[in-house]
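Take a look at the structure below.
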Amino acid sequence: MANFAFGLGVGTKSSAGDWLEVYYNAPLLNADDALIAAVADKVGYEGGNQTIELNASQLKALEAAFLSVDAEEQAEVVEILEGTKQPLVLCILETDAAPQTTAEVYLKLSLLSHRLVQPHGVDLSGMFPLLPNVAWTNEGAVALEDLPRRQLSARAQGRVLDVLSVDKFPKMANYAVPAGIRIGDASRIRLGAHVGEGTTVMHEGFINFNAGTLGVSMVEGRISAGVVVGNGSDIGGGASTMGTLSGGNNVVISVGENCLLGANSGLGLPLGDRCTIEAGLYVTGGSKVTILDDQNNEVGVVKAGELAGKPDLLFRRNSQNGRIEVKTNKSAIELNAELHKHN
């Protein structure tokens, strides 16, 4: 029985019975056929992508099913959940099709933040209507229509219901904290971010969903939706990357390995390995850049987008004439010839 993803979740519903969020403690990618088969008859799963709401009476049967196939981690999750009054859900995805439920979206975002898949590794198309706008509080997720009453109830008990944000996405750290990372301010990393082992995100660093780092990085700037940063690359203080959702942009912005985006710089094209953008310079695909040789002589002028993915480039702003210049460890003449050989 084929399986793409599997998750036993516990979540929150609104007073109207709508799902607000789902927490998956131990999501699985490509779960064993034996596990799916063992669970299927306990919950009525007959294949396809299904979101199955569970009741507490089904947990014992699920625990036995997990133990029968030596899925001890899943059995432990069930054991901890036994007796809960919180809503429970089992999400089984046979294929990586576009999500159809809130629980499916949360499972896929969790796969990203648990590092089970890399950014762009799951189909998230059409997910925004499935994610309700939620008040994220010190007492968990609260539906916006329930918020005034919850606030009043808290005040009546001498408490303040602290609303930390109003958003479709919660912070990642309340759902997954992968090994080997440091985070200065957890509120700045959304669920669905992929934070590679060895990454440090300082207090002003930000990582959006379906984006992140693949290895060791120092993030002091912004990694926007869809942007992937390679191992050994640093995002300097105040630096930003143009997300795939910005201004209709459909180019996947990326940073290669061992790159540096200087403080307050910006990136709007896929950057190759070992590249540097100097502090304060924003380079987009349409930016005109002057190619310089080793003697700083002009070789040619191209749009920066033509340099997408090229390694060993240094982008800088000429402080005297204001033009954007690029130097390379390769011969600049060879680079220019390569760019224009098909013109």
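In this text, residue positions in the sequence shown follow the working numbering: the first is 93, and each later residue adds one.
For each residue, glycine too, the CB sits at the ideal point set by N, CA and C.
Since this is a predicted model, take the numbers as computed values, not measurements.
Item	Value
What separation, rounded to the nearest whole angstrom, lies between the Cα atoms of GLY340 and GLY377?	Interpretation of GLY340 is limited by its pLDDT of 45, a score under 50 that renders its predicted location unreliable; the figure taken from the coordinates is listed afterwards. So the two alpha carbons sit approximately 14 Å from each other.
Assuming the contact rule is C-beta atoms closer than 8 Å, ALA265 and LEU199 should be a hit. Round their C-beta distance to whole Å, please.	About 18 Å; that fails the 8 Å criterion.
Under a three-way DSSP split, which group does LYS186 fall into?	The sequence shown places Glu at residue 186, rather than the Lys named in the question. DSSP places GLU186 in coil when its eight states are reduced to three.
What is the DSSP secondary structure of ILE172, reduced to helix, strand or coil?	helix
What's the C-alpha gap between ASN435 and LYS395?	Because the pLDDT of ASN435 is 44, which lies under 50, any placement of that residue in the model is unreliable, and the number read from its coordinates should be weighed accordingly. So the alpha carbons of these two residues sit roughly 14 Å apart.
In terms of residues, what are the limits of the alpha helix (DSSP H) holding ALA163?	ALA163 -> no alpha helix (DSSP H), and no H or E assigned at all.
Terminal residues of the continuous beta strand (DSSP E) containing ALA227?	226-229
Return the chain-ordered list of same chain residues with a C-beta closer than 7 Å to the C-beta of GLU417, the five sequence neighbours on each side being excluded.	VAL381, THR382, LEU384, ARG408, ASN410
Go through the stretch 257-341 residue by residue and report every complete run of the beta strand (DSSP E) that reaches 3 residues or more, in order.	303-305
Note down the Cα distance separating LEU100 from GLY354, rounded to an integer number of angstroms.	42 Å
For ILE299, count neighbouring C-beta atoms within 10 Å of its own C-beta (all shown protein chains included) and say buried if the count is 16 or more, exposed if not.	buried
Assuming VAL319 and SER357 are in contact, meaning their beta carbons sit under 8 Å apart, how far apart are those beta carbons, in whole angstroms?	Contact doesn't hold; Cβ gap of about 14 Å is too wide.
Out of curiosity, what's the CA-to-CA distance linking GLY272 and GLU289?	5 Å
Check each candidate in ASN225, LEU203, ALA189, ARG241 and name the one with the smallest Cα separation from SER217.	ALA189
Just the C-alpha distance for LEU239 and ILE172, rounded to the nearest angstrom, thanks.	29 Å
How is the alpha helix (DSSP H) around GLU417 delimited, first residue to last?	Here GLU417 belongs to no alpha helix (DSSP H); instead the beta strand (DSSP E) covers 416-420.
Would you mind listing the alpha helix (DSSP H) stretches within the stretch 115-159 that are 4+ residues and don't spill past its ends, in chain order?	125-135
Can you give me the C-alpha to C-alpha distance between LEU363 and PHE301, rounded to a whole angstrom?	20 Å
Tell me whether LEU180 sits in a helix, a strand or coil according to DSSP, three-state version.	strand
Hey, which unbroken runs of the alpha helix (DSSP H) at 4 residues or more fall wholly within the stretch 337-405?	none
Would you decide whether LYS152 is buried or exposed? Buried here means 16 or more other CB atoms lie within 10 Å of its CB.	exposed
Leaving out five residues before and five after ILE144 in sequence, what residues of the same chain have Cβ atoms less than 8 Å from its Cβ?	VAL135, GLY136, TYR137, VAL181, LEU182, CYS183, ILE184
Would you call the stretch 215-231 and the stretch 245-256 in contact, with 3 or more CB pairs under 8 Å?	yes
Alpha carbon to alpha carbon, what distance is there between ALA235 and SER107?	8 Å
Specify the secondary structure class of LEU239 as computed by DSSP and reduced to three states.	helix
Using CA coordinates, which residue listed in ARG314, VAL102, GLY232 is at the minimum distance from GLU196?	VAL102
Could you please give the first and the last residue of the uninterrupted alpha helix (DSSP H) stretch that includes THR194?	194-205
With distances taken Cα to Cα, identify the nearest neighbour of ILE275 among GLY284, THR292, ALA268.	THR292
On the CB-based measure, 16 or more other CB atoms within 10 Å of its CB, does GLY313 come out buried or exposed?	buried
Is ARG247 helix, strand or coil by DSSP?	helix
With DSSP collapsed to three states, give me the class of LEU100.	strand
For a test of the three-state rule: what should DSSP assign to LEU112, helix, strand or coil?	strand
Nearest by alpha-carbon distance to ASP404: which of SER149, LEU204, PRO270, ASN350 is it?	ASN350
According to DSSP, what are the bridge partners of VAL234?	ALA227
Taking the alpha carbon of ALA440 as the reference point, which residue from ALA248, GLN166, LYS402 has its own alpha carbon closest?	With the chain covering only 93 through 435, there is no way to say anything about residue 440.
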